[in-house]
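Heads up: the structure comes next, in structure tokens.
There are 2 protein chains.
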Amino acid sequence: MLSRRTSAAAPLDAENSQPDGTPTSTAVEPGGQAPLSRRAVIGWAGAGVAIGAAGVGSVAAATMDGKGAPASAPVVGAEVPFYGEHQSGIATPVQDRLHFAAFDVSATATRESLVRVLKEWTKAAAAMTGGREVGSGAASGLPQAPPDDTGEALGLPASRLTLTIGFGPSLFEKDGVDRFGLRARRPEALIDLPKFPHDNLDPARSGGDLCVQACADDPQVAVHAIRNLARIGMGVVNVRWSQLGFGKTSSTTPEAQTPRNLMGFKDGTHNIAGTDAAALADHVWAGPGEGPEWMTGGSYLVARRIRMHIETWDRTPLKEQEDIFGRSKGEGAPFGKLRERDAPDLKAMPEDSHVRLAHPDSNDGLMILRRGFSFTDGTDGLGRLEAGLFFLAYQRDTRKAFVPLQQRLAGSDALNEYIQHVGSAHFACPAGVRKPGEWWGQALFG
Amino acid sequence: MLSRRTSAAAPLDAENSQPDGTPTSTAVEPGGQAPLSRRAVIGWAGAGVAIGAAGVGSVAAATMDGKGAPASAPVVGAEVPFYGEHQSGIATPVQDRLHFAAFDVSATATRESLVRVLKEWTKAAAAMTGGREVGSGAASGLPQAPPDDTGEALGLPASRLTLTIGFGPSLFEKDGVDRFGLRARRPEALIDLPKFPHDNLDPARSGGDLCVQACADDPQVAVHAIRNLARIGMGVVNVRWSQLGFGKTSSTTPEAQTPRNLMGFKDGTHNIAGTDAAALADHVWAGPGEGPEWMTGGSYLVARRIRMHIETWDRTPLKEQEDIFGRSKGEGAPFGKLRERDAPDLKAMPEDSHVRLAHPDSNDGLMILRRGFSFTDGTDGLGRLEAGLFFLAYQRDTRKAFVPLQQRLAGSDALNEYIQHVGSAHFACPAGVRKPGEWWGQALFG
């Protein structure tokens, strides 16, 4: 029987290691029993399922055979440690698929019931990110009771699933009411986002008291995770909106091939690397004393649903497309340069080009960690592709990062003719759960 | 420079081989020039992108180096031959992702304009399934003109993309009008599907003059394909509805792990194998003289969007869930048996169980080739998961296969309490395009 979760497993994430490289996660659950993987439970642990993990380093994770010796074959679809100083799913190498859900706390819920859900969510998240089932599983327990786990991920590996929680402004105060006694703990950086030029926000796709970002290399694993969390929260929290994504648009692993967005351009060439501890400290993690203590080591997440006017874009000449981005379409080289990663000469680009406007050199060195995904939600009533970019950005202080950047872009970016922001949300994502027994939001509610 | 398309490549599909095993596809395009792959064009052909192809045999496809010698490393994300006796995407080992689009021909279109689109579609389909760009590409051609290809699949391998075309009843006659002179060529088997008990069909998600099923191991490749076909068809055909799917629910490769549907049960244990030529001839391919000549070697496709009442299902006891399917949830063993593939004892199952009702032994040996995918389209207005099964089934004659089977299931299946059919369509998928220069629908229109 294999357990892929061992202390010898190579840590996949910079943020889940101590400075000396020791993984902070442990192999053993609170009960002291080594957990079984979903694959081991149904007895086909030897078969590999390869899903998009190659090239991002996860294949380096080692497995152990029954005697504790490292198995020779690398495992794709490996596990990202859940416990750590920071939440995983932020600096973690971007997975291939996303299921993002915003939740509202129901009108009848109490602080106590919400805390109960957060505790149960944490346990379930630790299990699912470890490739295990929720509770006693989908096929065990009392036959007279519904299974604890919905079962559709039975037999699938962990698939680098990460679950990242965030708290929205309305959790701290809604319509002037301090529902859960949290008003005094709201971070100043967790502002109500201002209205930006050209915004056309759908309230049904915006906001939310809580969010969970599920990323995995297999959509079935990501969907399973959100579904089981929603189920655990039933009666206390309800899904307000959700978004599926694919084709990550911003890699956080510079050595990997830069992915392309649905406009056909490389996106995220100069993103913050998940392994760059200095840049993460400067731009992504909230530092001590910068806000309430519970946010130290956390990060602020801005989510924007950006619809692309695909059909219009597809009728735009190549030269104009390249002028709008300030890069060549094929190679992705900045204007006047040959290769994608050549240092851009911003003055060689049109003044309203996207890369020029968004570049750190045009913004006093400002950087955000982007983690966006493409989406395609079928077609709208006019037969047009309902598609675009689900933009996710993590930052140390939204007031000094996304807000000034977006004000600049919304005012001048040549891209605005082809895109529209139709959903928006802002969340404070606390520091990581450091060890079993702790729970999501403990420092906030505790 | 690598070209992954060579005559030495192992055929991936039973249906794309002649009876003696010779691949029917060729390595060279009509112009006589060996085509370049998208990957070769941008110069990173050495890097592998592994996406869900393991275990279904596609990794066996060989590549050639510049001197024509087989490369040693297998390629994941390989190519499925486009040309052949039958269309690919039917008996082809099921890929991981789906983008399905139904199109209507616009009111102003003529037979000539439709034929022009079908010819252009065929050329584009041959290029994209070969991992190449449409036309002159996304980053070449006149800078004053829009690129021929939208570009978001640049750098991605073919990813086992298949594109399968079908013709709906309304193409042959709509509101009593024979728009394209095709009425006399309508197959008798291409019936207007009857209304089944419990149907709750949304016209906006049903029907269509044409359909294209795009399957690939990478959603970006499948989405790219449908988008580029829609773009080519602009003004002549418009997307009527489309559906994205993931997590194939019915494997056509018996040796692979049987996938699970969103109810958490294994689905498709006894599906027709894509390699079982006898079963395919008996149940999937239309035979000579059974209908119009243009359908010989083709197949009839029924698409049903089946919404699952996920939240209700998740509250159902394990025993009841297993009674409804007639299988155990964990192993998938039929009642009274130990292993998934043990021959079922139908009498041991409840009379209204899904497996008992749908089994060939309960239906005079009737079999259909299922190729369904799970879908999750976010949440509905009540916060419920908008999710279920996008059922795709191919058969030799719908009147003798899906219709009697669904009449039986819709009348008695215990599953009906938890599902609802909300979309429906029927298409005649012609035989394959045998060689470059031929086009989709040539035998129908010719």
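Those protein sequence lines, which keep their order, are chains A and B.
Add 99 to a position in the first sequence, counting from 1, and you land on the number used in my numbering.
Add 99 to a position in the second sequence, counting from 1, and you land on the number used in my numbering.
The C-beta atom is built at its ideal place from N, Cα and C for all residues, glycine as well.
Per DSSP, the beta-bridge partners of B/Asp203 are B/Asn337. Residues of the region 232 to 257 of chain B with a C-beta less than 7 Å from any C-beta of chain A: Ala237, Ala238, Gly240, Pro242, Gln243, Ala244, Pro245, Pro246, Thr249, Gly250, Glu251, Leu253, Gly254, listed in chain order.
The beta-carbon distance between A/Ile325 and A/Val311, rounded to whole angstroms, is 6 Å. This is short enough to meet the 8 Å contact definition. Counting every other CB atom within 10 Å of its CB across the protein chains shown gives B/Pro302 a total below 16, marking it as exposed. Contact annotation: the region 397 to 408 of chain B touches the region 519 to 533 of chain B, with at least three C-beta pairs closer than 8 Å. Of all alpha-carbon atoms in B/Asp413, B/Arg498, B/Arg440, the one lying nearest the alpha-carbon of B/Tyr517 is that of B/Asp413. Straight through space, the alpha carbons of B/Leu300 and B/Gln505 are spaced by roughly 15 Å. One thing to note: A/Gly373 has its Cβ within 8 Å of the Cβ of A/Thr351. His323, Ile325, Arg326, Asn327, Ala329, Arg330, Met333, Asn337, Val338, Arg339, Trp340, Ser341, Gln342, Leu343: these are the residues of the region 323 to 343 of chain B whose beta carbon lies less than 9 Å from some beta carbon of chain A, given in chain order.
When DSSP states are grouped into helix, strand and coil, A/Leu484 belongs to the strand group. Bounds of any beta strand (DSSP E) do not take in A/Val193, whose DSSP letter is neither H nor E. Between the beta-carbon of A/Asp308 and that of A/Ser269 there is about 5 Å, and that keeps the pair under the 8 Å contact cut. At a cut-off of 8 Å between beta-carbon atoms, B/Asp308 makes no contact with chain A.
Excluding sequence positions up to five before and after A/Thr368, its CB lies within less than 6 Å of the CB of Thr357, Glu439, all in the same chain and listed in chain order. Shown in chain order are the members of the region 398 to 430 of chain B whose Cβ falls below 9 Å from a Cβ of chain A: Ile409, Glu410, Trp412, Asp413, Arg414, Thr415, Pro416, Leu417, Lys418, Glu419, Gln420, Glu421, Ser427, Lys428, Gly429, Glu430. At least 8 Å separates the CB of A/Asn370 from every CB of chain B. Within a 10 Å sphere around the beta-carbon of B/Leu437 sit fewer than 16 other beta-carbons, which makes this residue exposed.
Between B/Ala288 and B/Asp451, the C-beta spacing is not below 8 Å. For the pair A/Asp316 and A/Asp195, the CB atoms are nearer than the 8 Å cut-off. Shortest Cα-Cα distance from A/Leu328 to any of A/Asn370, A/Gly429, A/Glu219 involves A/Glu219. Taking the C-beta atoms as reference points, B/Asp444 is found nearer than 8 Å to B/Pro433. In this structure, the CA atom of B/Glu485 is about 27 Å from the CA atom of B/Gly265.
Taken through DSSP and simplified to helix, strand or coil, B/Val276 comes out as strand. For the 8 Å CB-CB criterion, B/Leu543 and B/Leu281 form a contact.
Taking C-alpha positions only, A/Glu184 is separated from A/Gln541 by approximately 14 Å.
Short of 6 Å from the beta carbon of A/Pro391, and not among the five residues preceding or following it, lie these beta carbons of its own chain, in chain order: Arg284, Pro286. For B/Phe345, the chain A residues whose C-beta falls within less than 9 Å of its own C-beta are Arg196, Asp317, Pro318, Gln319, Val322, Leu343, Phe345, listed in chain order.
Excluding residues up to 5 positions away in sequence, Glu485 lie with their Cβ nearer than 6 Å to the Cβ of A/Asp476 in the same chain. DSSP places B/Ile405 in the strand class (E or B) of the three-state scheme. In summary, the residues of the region 466 to 482 of chain A whose CB is separated from some CB of chain B by less than 9 Å are Ser473, Thr475, Asp476, Gly477, Thr478, Gly480, Leu481, Gly482, in the order they occur in the chain. Check the Cα spacing between A/Asp203 and each of A/Leu197, A/Leu253, A/Phe271, A/Ser187: the tightest is with A/Phe271. Between B/Pro535 and A/Pro416, the gap from beta carbon to beta carbon reaches 8 Å or more. At a cut-off of 8 Å between beta-carbon atoms, B/Leu484 makes contact with chain A. Going by C-alpha positions, B/Ser349 is about 29 Å away from B/Trp538. Under the three-state reduction of DSSP, B/Lys294 is assigned to coil, being neither helix nor strand. At a C-beta separation below 7 Å, A/Gly367 has no neighbours in chain B, since its nearest C-beta there lies roughly 14 Å away.
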